[in-house]
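What follows is a short report on a single structure.
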Amino acid sequence: MNDDLYIRESSEVYDAIVVGSGISGGWAAKELCERGFKTLMIERGRVVEHRKDYIGEGVPEWKQPHRGVVNNLVTEQQKIQKECYAFNDSTKHFFGNDRDLPYQTAPGTTFSWIRGNQLGGKSLTWHRQSYRLSDHDFSANKLDGFGTDWPIRYQDLAPWYSHVEKHAGISGESAGLPQLPDGEFLPPFEMTVPEIAIKASIEENYPDRKLIMGRMAHLTEPTELHISQGRVNCQTRNECQKGCSFGAYFSTQSSTLPAAAKTGNLHIAANSVVHSLIYDEKTRRVKGVRVIDNDDLSEREYLGKIVFMCASTIGSAQVMLNSKSKAFPNGIANSSGVLGHYLMDHNYNARIEGEIPGFEDEYYQGRRPGGLLIPNFQYEPSRYNKNYVRGYSFSGDASRENWKSTGERDGIGADFKAQLSQAGKWKFWMMAQGEMLPRFENQMGLHATLKDKWGMPQLEFDCRWSDNEKLMMEDAAEVGHQMFLKAGLENVTSEFTERPVGIAIHELGTARMGRDPKTSVLNGYNQCHDIDNLFVTDGASFSSSATQNPSLTFMALTARAVDYAAKEIKAGRI
Amino acid sequence: MSDQPIGDQPSPRDNSKRGFLFGLSRLVGAAAAVQLLGGNAISTALAYSPNPHSSEHAGKLFSQAEMLLLRDICTQVIPKTATAGAAEVDTHGFIDNQLYSCYQREDQQKVSSVLLKIEQVAMQRYHQPFSSTTTTEQYALLTDLEKPANGFDDSDRSHFKFLKSQIVFGYYTSEVGASQELEYSAVPGGFKGSIPYDSVGKAWGSLGI
Numbered sequence: 010m011n012d013d014l015y016i017r018e019s020s021e022v023y024d025a026i027v028v029g030s031g032i033s034g035g036w037a038a039k040e041l042c043e044r045g046f047k048t049l050m051i052e053r054g055r056v057v058e059h060r061k062d063y064i065g066e067g068v069p070e071w072k073q074p075h076r077g078v079v080n081n082l083v084t085e086q087q088k089i090q091k092e093c094y095a096f097n098d099s100t101k102h103f104f105g106n107d108r109d110l111p112y113q114t115a116p117g118t119t120f121s122w123i124r125g126n127q128l129g130g131k132s133l134t135w136h137r138q139s140y141r142l143s144d145h146d147f148s149a150n151k152l153d154g155f156g157t158d159w160p161i162r163y164q165d166l167a168p169w170y171s172h173v174e175k176h177a178g179i180s181g182e183s184a185g186l187p188q189l190p191d192g193e194f195l196p197p198f199e200m201t202v203p204e205i206a207i208k209a210s211i212e213e214n215y216p217d218r219k220l221i222m223g224r225m226a227h228l229t230e231p232t233e234l235h236i237s238q239g240r241v242n243c244q245t246r247n248e249c250q251k252g253c254s255f256g257a258y259f260s261t262q263s264s265t266l267p268a269a270a271k272t273g274n275l276h277i278a279a280n281s282v283v284h285s286l287i288y289d290e291k292t293r294r295v296k297g298v299r300v301i302d303n304d305d306l307s308e309r310e311y312l313g314k315i316v317f318m319c320a321s322t323i324g325s326a327q328v329m330l331n332s333k334s335k336a337f338p339n340g341i342a343n344s345s346g347v348l349g350h351y352l353m354d355h356n357y358n359a360r361i362e363g364e365i366p367g368f369e370d371e372y373y374q375g376r377r378p379g380g381l382l383i384p385n386f387q388y389e390p391s392r393y394n395k396n397y398v399r400g401y402s403f404s405g406d407a408s409r410e411n412w413k414s415t416g417e418r419d420g421i422g423a424d425f426k427a428q429l430s431q432a433g434k435w436k437f438w439m440m441a442q443g444e445m446l447p448r449f450e451n452q453m454g455l456h457a458t459l460k461d462k463w464g465m466p467q468l469e470f471d472c473r474w475s476d477n478e479k480l481m482m483e484d485a486a487e488v489g490h491q492m493f494l495k496a497g498l499e500n501v502t503s504e505f506t507e508r509p510v511g512i513a514i515h516e517l518g519t520a521r522m523g524r525d526p527k528t529s530v531l532n533g534y535n536q537c538h539d540i541d542n543l544f545v546t547d548g549a550s551f552s553s554s555a556t557q558n559p560s561l562t563f564m565a566l567t568a569r570a571v572d573y574a575a576k577e578i579k580a581g582r583i
Numbered sequence: 104m105s106d107q108p109i110g111d112q113p114s115p116r117d118n119s120k121r122g123f124l125f126g127l128s129r130l131v132g133a134a135a136a137v138q139l140l141g142g143n144a145i146s147t148a149l150a151y152s153p154n155p156h157s158s159e160h161a162g163k164l165f166s167q168a169e170m171l172l173l174r175d176i177c178t179q180v181i182p183k184t185a186t187a188g189a190a191e192v193d194t195h196g197f198i199d200n201q202l203y204s205c206y207q208r209e210d211q212q213k214v215s216s217v218l219l220k221i222e223q224v225a226m227q228r229y230h231q232p233f234s235s236t237t238t239t240e241q242y243a244l245l246t247d248l249e250k251p252a253n254g255f256d257d258s259d260r261s262h263f264k265f266l267k268s269q270i271v272f273g274y275y276t277s278e279v280g281a282s283q284e285l286e287y288s289a290v291p292g293g294f295k296g297s298i299p300y301d302s303v304g305k306a307w308g309s310l311g312i
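Line by line, the protein sequences are chains A and B.
Under this note's numbering, the letters of the first sequence match residues 10 to 583, in that order.
Under this note's numbering, the letters of the second sequence match residues 104 to 312, in that order.
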């Protein structure tokens, strides 16, 4: 570890600059530092130190100011952030302040932009679900014609999935499924007995569907490597988004940052809002970044030989759109004109619930930090539903009712209290996670006049669900409903909702990869077609959304891109 | 309890921060763990502390008379049994503070209006304030309110449902409710998918995020 990890002013020309410190930025920094690159990681928000700054952790409800409920002032300041399921009084400091972070939406549209502007970014608050994409996902655009062909295939990424899984620590079960490749797994979490029964029913009734334990970035059994990093096994508190001093889930702080810092090659510039990239017209390369200080709004620059954009799908595209030059009047590396377009999210707009009769003698101990998955079973065109293209997965779990639902029943007095003290019926719920098609019309751009307090043009989103997504979710609600009934569940209800784009916090696609520089921003190594020393390795690079939670793929793409960049530099081509 | 602590290891069902400290101690040493936890915790000075006298004076939202009424409703909804009830842990004081800090006027007025209605029906039916009526009369009146019947309408029921949800929330997130009436496990230490229900015998009071 170097003794000046955090820097503010510097005239040094770093070997590499990484913009962002979340899942992608952490991986970029680790891989660059371990290859000997003197690396500057730039973060727009404040420093969050592992353990020390997890201020909401380990505080029981009765010692919290309002038992976990946020007060009126917070509600006023974080109106959009509070839409996130993980937002509460113990996690609110890991979400942005909407008052300071305004954005616009086109008339008739909504977009929920959830922010994590601190060191570690949203790696602190993510849901830790970790899945590989398959060749079916990488080929989908080419096969059905929606979106541009990914310039990579599964074999290109497979070794990099293994590389990141071993370091991050992913628990899960191998299932041998063509649409969801197996990986380097720690043991899976256990299923409950009713879940095992439902699994048997679904797999018997529907030969094309499997119900598997979710794959999650939790140390069920840490390896020597994890223990050497100061990480121990998951305590199953399921309070992850408060931060975990056990280091039991993957975050920048628990995993990649210590690895990067250990090399002595890492420096961090926090509180540095990147305004734009500095482009050198002569060399046709980026040479650094312009930064506005998060606190005092002063300006400074950082210089580097190579730049990795890992500022999130929306953040990276915003900075790039705001980097205008003679050569790139519409945003850096945007000769194609697709920068900011093809914005995608996942579609969680179908939910099914039901009661599981019986199993009164069964209970569980601990709070499993994630649930089950039915992987996408419409993963190739021959399996598509007749009304729409692509598919969805289901995720959910079984648990016994507690006072949060039984407390809504009628009744008062000792009998009512006695009922609430006991675990109630077993309930099972699932939510569909649908693929969103890449569409040019779904976009984010810079507002012509409005700016935020750092002088950055505000973003304007114009993004909506198409009929394909709506038909898919209507179908998912019905399919799930039937599946629940066949499994013997009772009082089954299903609903199709229209929650806004963005709230899945799986934004993707604003600087997509592609084979043709005329219709894509990045090549198959996340390198800009237009600029050799500029890489974008976060979700912006996705050519399609697939159905899988994307973070594991951010990790693998980033590690692979660093490896490629290092080899290109060595060969003198960058 | 079927699983007693073994050696120095706290039971996985500890109801304090002991388990958290123990786990953390293995990582960073005991002294550092204590220091971290002390430095970490959100200031508990701001947490609502139960006050045995909160029905004796006006609250932040409610008058003294309303606080007394609220206390007696808490007693009826979640009474003292083998464990303390909602009134004993000052759920009425908690609700006054919670509605003031975390809810808008519209929700606050649901409670004010149902308190007023309860008092009106008590006067009509029993010719005295709710708090002066017998336990049996109070139980009958609140049961009618929830139906709704005998002088209460759907709107009263809906306002009462909101108040009741606050009583339930306040009680089961109190230390007594979460860790005595229910089983609280701060640091479970791992997940077991199947245990006999009787080995716990009640619902978990620790619910995670």
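Ideal Cβ positions, reconstructed from N, Cα and C, are used throughout, including at glycine.
Only a predicted model underlies this, so the values are computations on that prediction, with no experimental measurement involved.
query, result
"Pick from A:Ile383, A:Pro196, A:Thr567, A:His136 that is closest to His515 of chain A, judged by C-alpha positions", "A:His136"
"Chain B contacts made by the region 354 to 379 of chain A, where a contact means CB separation under 7 Å", "Glu369, Asp370, Glu371, Tyr372, Tyr373, Gln374, Gly375, Arg376, Arg377"
"Short CB-CB distance (under 7 Å) between Glu478 of chain A and chain B", "no"
"DSSP-derived helix/strand/coil call for Thr502 of chain A", "strand"
"Rounded C-alpha distance that separates Ala225 of chain B from Phe272 of chain B", "26 Å"
"Residue of A:Ile583, A:Ala580, A:Met492 minimising C-alpha distance to Leu220 of chain A", "A:Met492"
"Nearest to Glu193 of chain A (by Cα), restricted to the options A:His102, A:Pro231, A:Arg162, A:Ser148", "A:Pro231"
"Chain A contact residues for Glu284 of chain B, given Cβ-Cβ distances below 9 Å", "Lys426, Leu429, Ser430"
"Where His59 of chain A meets chain B, residues with beta-carbon distance less than 9 Å", "In chain order: nothing, as chain B lies at least about 10 Å away."
"Proximal chain A residues relative to Cys205 of chain B, where beta-carbon distance stays under 8 Å", "His75, Val78, Val79, Asn80, Asn81, Thr84"
"Residue nearest to Pro619 of chain A in terms of C-alpha spacing, selected from A:Cys249, A:Tyr573, A:Phe386, A:Ser237", "Summary: the structure shown does not reach residue 619 of chain A, with chain A confined to residues 10 through 583, and so no result is reported for it."
"Positions along the region 217 to 249 of chain B whose CB lies within less than 9 Å of some CB in chain A", "Tyr242, Leu245, Thr246, Glu249"
"Straight-line Cα distance separating Ser334 of chain A from Lys47 of chain A", "28 Å"
"Residue range of the unbroken alpha helix (DSSP H) whose run includes Met564 of chain A", "560 to 579"
"Backbone CA spacing between Asp541 of chain A and Lys527 of chain A [nearest angstrom]", "16 Å"
"Residue(s) in a DSSP beta bridge with Ser436 of chain A", "Residue identity differs from the one stated: residue 436 of chain A is Lys in this sequence, not Ser. Partner(s): A:Glu364, A:Ser408."
"The region 399 to 411 of chain A touching the region 262 to 282 of chain A, judged by at least three CB pairs closer than 8 Å", "no"
"Gln127 of chain A vs Arg76 of chain A beta-carbon contact at 7 Å", "no"
"For Val214 of chain B, the nearest candidate out of B:Phe233, B:Leu173, B:Val303, B:Ala187 (CA to CA)", "B:Leu173"
"Segment limits, beta strand (DSSP E) that includes Gly313 of chain A", "308 to 313"
"Chain A contact residues for Ala289 of chain B, given Cβ-Cβ distances below 8 Å", "Gly67, Pro69, Arg246"
"Beta strand (DSSP E) segment containing His456 of chain A, residue limits", "452 to 460"
"Ser132 of chain A and Ile26 of chain A closer than 7 Å at C-beta", "no"
"Backbone secondary structure at Val279 of chain B - three-state DSSP", "helix"
"Cβ neighbour criterion (16 or more within 10 Å) applied to Pro108 of chain B", "With a pLDDT of 34 at Pro108 of chain B, under the threshold of 50, the modelled position of this residue cannot be trusted; read the value that follows with caution. Under this definition Pro108 of chain B is an exposed residue."
"Span separating the alpha-carbon of His350 of chain A from that of Trp159 of chain A", "16 Å"
"Classification of Glu233 of chain A by the beta-carbon crowding that lies within 10 angstroms, buried from 16 upward", "exposed"
"Assigned exposure category for Gly142 of chain B - 16 Cβ within 10 Å defines buried", "Note that Gly142 of chain B has pLDDT 46, beneath the 50 cutoff, so the model's placement of it is unreliable and the number below is only indicative. Gly142 of chain B is exposed by the Cβ-count criterion."
"Contact list for Gly311 of chain B against chain A, beta-carbon separation under 7 Å", "Arg246, Asn247, Glu248, Arg376"
"With 16 other Cβ atoms within 10 Å as the buried cut-off, status of Ala39 of chain A", "Position check: residue 39 of chain A holds Lys in this sequence, whereas Ala was assumed. Buried, since its Cβ has 16 or more Cβ neighbours within 10 Å."
"Environment of Gly292 of chain B [buried if 16+ CB atoms lie within 10 Å]", "buried"
"For Tyr112 of chain A, the three-state DSSP class (helix, strand or coil)", "coil"
"Per DSSP, cross-strand counterpart(s) of Lys295 of chain B", "A:Gln374"
"Inter-residue spacing [alpha-carbon to alpha-carbon] between Val28 of chain A and Val22 of chain A", "15 Å"
"Closest Cα partner of Tyr287 of chain B within the set B:Phe165, B:Val303, B:Glu191, B:Pro299", "B:Val303"
"Neighbouring residues, chain B, relative to Glu233 of chain A (Cβ below 8 Å)", "In chain order: nothing, as chain B lies at least about 15 Å away."
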